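Structure first, then comments.
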Amino acid sequence: MILSAECRWSAATEMLQGVREEAVSVEQRNIAAMAMRRIGVVQLMSGDQQEALKSLKECEEHITRTSSILEKALWSLALAQAYSADAKKKESIRALRKARVQCRQAGAVLFEKFTLQELAVLYHEV
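FYI, the numbering for the sequence shown is 26 to 151, going by the working numbering.
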């Protein structure tokens, strides 16, 4: 994510693709899904909402089946941001509600607070 902080989107994506490919080759599907989620986040940060949404949808099954509750919450937050950037407010609210429940289950209080703030902003816009 350091590469993303430096706005080096293609370098970050290439590095994460390498992680994903390596994880798939050793049959670590949950690690591959986590790398794909991070690729989606990098695409969001770079302004490529459509590709980000595709990447997030691509890893949905593996995230929901094999990842921790916190990783599921992070995926839901990323999905909500992708929907919001794509002007799909209702879908974004739905994903944020799900993320809030997952954050609470994971005991991630600060993530839950962030989720509530995002929900408040979206409700104000709707």
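Using N, Cα and C, we set each Cβ at its ideal position, and we do this for glycine too.
Predicted model, so just to flag it, every value in this text is computed and none were measured.
Taking 4 residues as the minimum length, the alpha helix (DSSP H) runs contained wholly in the region 96-132 are 114-131, in order along the chain. Taking the Cβ atoms as the reference, A133 lies roughly 17 Å from L104, outside the contact range of under 8 Å. Excluding sequence positions up to five before and after A131, its CB lies within less than 7 Å of the CB of I94, L95, A98, all in the same chain and listed in chain order.
Here L135 is exposed: its Cβ has fewer than 16 other Cβ atoms, across all protein chains shown, within 10 Å.
Between the C-alpha atoms of Q42 and M61 there is a straight-line separation of about 8 Å. Judged by DSSP secondary structure, Q68 falls within the alpha helix (DSSP H) whose first and last residues are 54-71. Per the Cβ contact rule, the region 108-116 is in contact with the region 71-78 (3 or more Cβ pairs under 8 Å). Counting every other CB atom within 10 Å of its CB across the protein chains shown gives Q68 a total of 16 or more, marking it as buried. Taking C-beta separations shorter than 7 Å and ignoring five residues to either side along the sequence, H149 has no partners in its chain. Ranked by Cα distance from R54, the first of K79, E83, M40 is E83.
Distances from the alpha-carbon of L147 to those of G65, R129, S117 put S117 closest. The C-alpha of M70 lies about 18 Å from the C-alpha of T140. Between T89 and E137, the alpha-carbon positions lie close to 19 Å from each other.
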